[in-house]
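Just add 26 to the spot in the sequence shown (first one is 1) and you have this note's numbering. For each residue, glycine too, the CB sits at the ideal point set by N, CA and C. Quantities reported herein were computed from a predicted structural model and do not represent experimental measurements. Working notes, beginning with the structure itself.
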Amino acid sequence: MRFLYYDRITDIEKGKSINGVKTFTLSEEFFKRHFTKKALIPGVIYIEAMAQLLGWLVIYSHDFSLSAIMSLVEDADVSPDLRPGFKAEIHGELISTSRRDSLGRAWITVEGETIASMDRIIYSHVHKVDPEALRNLFYYYSGIK
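This is the structure we're talking about:
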């Protein structure tokens, strides 16, 4: 992954749910030369943060035997006016998962208020992976021991 849009995973339950945190600061790479007068977090960053975290839940739930490729997002809602300087909680749930694909939903909250959500996200599964390499990346990127 070139860019991580979560800081760490705080909780994960195989086949069910995942939670993580992200602190959005003004030093984020996507702010450089992007806004001229007022730094706002692009909505696509929220979608990517939710997709990354939920993708790891899919991989973890299948014992690192596959990779999850986001293939569809529906009913996404993002707050358009958030400036940097806050800590967000990212939540994801698996609705269903099979050998071929997974369906989930995710949302982001700040101080209990939902600022972004995806009611439906589908991942296609790729089975030609190195499970040990995926496992190592997961533990490196997650902050979990």
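Just curious, the alpha helix (DSSP H) that residue i is in, first and last residue?
{"i": "I71", "result": "69-87"}
{"i": "A159", "result": "157-168"}
Report yes if the CB atom of residue i is closer than 9 Å to the CB atom of residue j, and no otherwise.
{"i": "D103", "j": "M144", "result": "yes"}
{"i": "S105", "j": "A142", "result": "yes"}
{"i": "G138", "j": "S87", "result": "no"}
{"i": "R131", "j": "S150", "result": "no"}
{"i": "E55", "j": "F29", "result": "yes"}
{"i": "I71", "j": "Y31", "result": "yes"}
{"i": "S97", "j": "L160", "result": "no"}
{"i": "I38", "j": "S124", "result": "no"}
In this structure, what does DSSP give as the bridge partners for residue i?
{"i": "T123", "result": "S128"}
{"i": "F112", "result": "F50"}
{"i": "E55", "result": "Per DSSP, none; premise fails for E55."}
What is the C-beta distance between residue i and residue j, in whole angstroms, given that I count them as a contact (C-beta under 8 Å)?
{"i": "V84", "j": "S122", "result": "V84 to S122, Cβ: 11 Å. No contact."}
{"i": "I35", "j": "I170", "result": "6 Å"}
{"i": "A114", "j": "T135", "result": "7 Å"}
{"i": "V47", "j": "I73", "result": "Rounded, the Cβ-Cβ distance is 17 Å, inconsistent with contact."}
{"i": "A75", "j": "P110", "result": "Between P110 and A75 the Cβ distance is about 14 Å, and since that is not below 8 Å, they are no contact."}
{"i": "I147", "j": "L79", "result": "With a Cβ gap of about 11 Å, I147 and L79 do not count as contacting."}
Can you tell me where the beta strand (DSSP E) with residue i in it begins and where it stops?
{"i": "H151", "result": "139-152"}
{"i": "D33", "result": "Here D33 belongs to no beta strand (DSSP E), and DSSP marks it neither H nor E."}
{"i": "D101", "result": "93-104"}
Subject >> the segment 118-127 in contact with the segment 47-58 per 3-pair CB rule at 8 Å >> reply: no
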